[in-house]
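Chemist: One structure, as structure tokens, below. Some questions next.
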Amino acid sequence: MTRPALPAGFLRLPVTHRALHDRAQGRTENSPAAIRAAVAAGYAIEVDVQLSADGVAMVFHDDDLDRLTAERGPVCARTAADLGQMELTGGTDTIPTLGAVLGMVAGRVPLLIEIKDQTGAMGETDGRLEAAVAQALAGYGGEVAVMSFNPHAVAQMARLAPDVARGLTTSAFDPDDWAPVPAEVCDHLREIPDFDRVGATFISHQDNDLTRPRVLALRAAGVPVLCWTIRTPEQEAMARRYAANVTFEGYLSALPA
1 MTRPALPAGF LRLPVTHRAL HDRAQGRTEN SPAAIRAAVA AGYAIEVDVQ
51 LSADGVAMVF HDDDLDRLTA ERGPVCARTA ADLGQMELTG GTDTIPTLGA
101 VLGMVAGRVP LLIEIKDQTG AMGETDGRLE AAVAQALAGY GGEVAVMSFN
151 PHAVAQMARL APDVARGLTT SAFDPDDWAP VPAEVCDHLR EIPDFDRVGA
201 TFISHQDNDL TRPRVLALRA AGVPVLCWTI RTPEQEAMAR RYAANVTFEG
251 YLSALPA
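Structure representation (structure tokens):
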């Protein structure tokens, strides 16, 4: 299995969580305005993707539209055209496709794409979202990587886009925080047993769980450990004792000189 290394830019530039969003400035999370701001500032960018009803990868975090738009219901029940007309709350942007975001970034900064779980329980996926991501990435020349909490999604990306760096988004997987994911699945995922099976080359781990022995062992073995989500400079200083880089929001992480 091909295991592409995480591009160097992801270890050099702090990563904006859902792009450089700021509601006070009219930049909603994962919005074109937030993406343009991150590119202009010179930060790496993390975005999330969900699947439209007609099989297009959309840059949007939640399963449902309720929190971030005036619409209601699941993202996957709407077509890309419908989603592309929905205004994001807190700004004037609408929901972009992954292809549109790739065009905005155009290789100027690294782009980290989190593939959201489509099963509700971290189960086997049908591969539709992963195929849409792979299709959008075909021919893209910039620094890019994909990741997911669902190892099955990462395994699909290994099959569909073997030359794209891939990793696992990981956490303490407290079952109280992860319902309706079954507790036994949380117990399985917590120790990151699928890292080699899916051909991962990095993880992005929950910031307050970075001293977990499995995470420290991966780090000691040379695996790049990113972390999420840092919200203050003080948290960043603590996280960088264990993590190679941070995913941040709510303040401006210091860029390298």
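Residue numbering for the sequence shown is 1 to 257, as defined by the UniProt record's numbering. C-beta: ideal position from N, C-alpha, C; glycine also. These numbers were taken from a predicted model, which means no experiment stands behind them.
Mapping the DSSP letters down to three states, classify H17 as helix, strand or coil.
Modeler: The answer is strand: DSSP assigns H17 an E or B state.
Chemist: Mapping the DSSP letters down to three states, classify A244 as helix, strand or coil.
Modeler: A244: coil per DSSP, three-state reduction.
Chemist: My assumption, with CB atoms under 8 Å, is that D207 sits in contact with I230. Please give the rounded CB distance.
Modeler: Indeed they touch by this definition, with Cβ atoms about 6 Å apart.
Chemist: Reducing DSSP to helix, strand and coil, say where M58 ends up.
Modeler: Of the three classes helix, strand and coil, the one that applies to M58 here is strand, per DSSP.
Chemist: What distance in whole Å lies between the Cβ atoms of T79 and S52, which are believed to be in contact at a cut-off of 8 Å?
Modeler: Going by Cβ atoms, the distance from S52 to T79 rounds to 6 Å, so yes, they are a contact pair.
Chemist: Report the residue from Q118, R27, V164 and A257 whose alpha carbon sits nearest the alpha carbon of P180.
Modeler: It is Q118 whose Cα lies nearest to the Cα of P180.
Chemist: Using the beta-carbon count (16 or more within 10 Å), is A183 buried or exposed?
Modeler: The residue in question, A183, is exposed, as its Cβ has fewer than 16 Cβ neighbours within 10 Å.
Chemist: Taking its Cβ as the centre, do 16 or more other Cβ atoms sit within 10 Å of G167, making it buried, or is it exposed?
Modeler: Burial call: buried.
Chemist: Hey, could you find the ends of the beta strand (DSSP E) E184 is sitting in?
Modeler: It is not in any beta strand (DSSP E) - E184 instead sits in the alpha helix (DSSP H) that spans A183 to R190.
Chemist: Classify A81 as buried or exposed, calling it buried when 16 or more other Cβ atoms lie within 10 Å of its own Cβ.
Modeler: Looking at its Cβ environment, which holds fewer than 16 other Cβ atoms inside 10 Å, A81 is exposed.
Chemist: Out of D176, A33, P162 and I192, which has the shortest C-alpha to C-alpha gap to M1?
Modeler: The shortest C-alpha separation from M1 is found at P162.
Chemist: Would T232 be called buried (16 or more neighbouring beta carbons within 10 Å of its own) or exposed?
Modeler: Answer is exposed; the Cβ neighbour count stays below 16.
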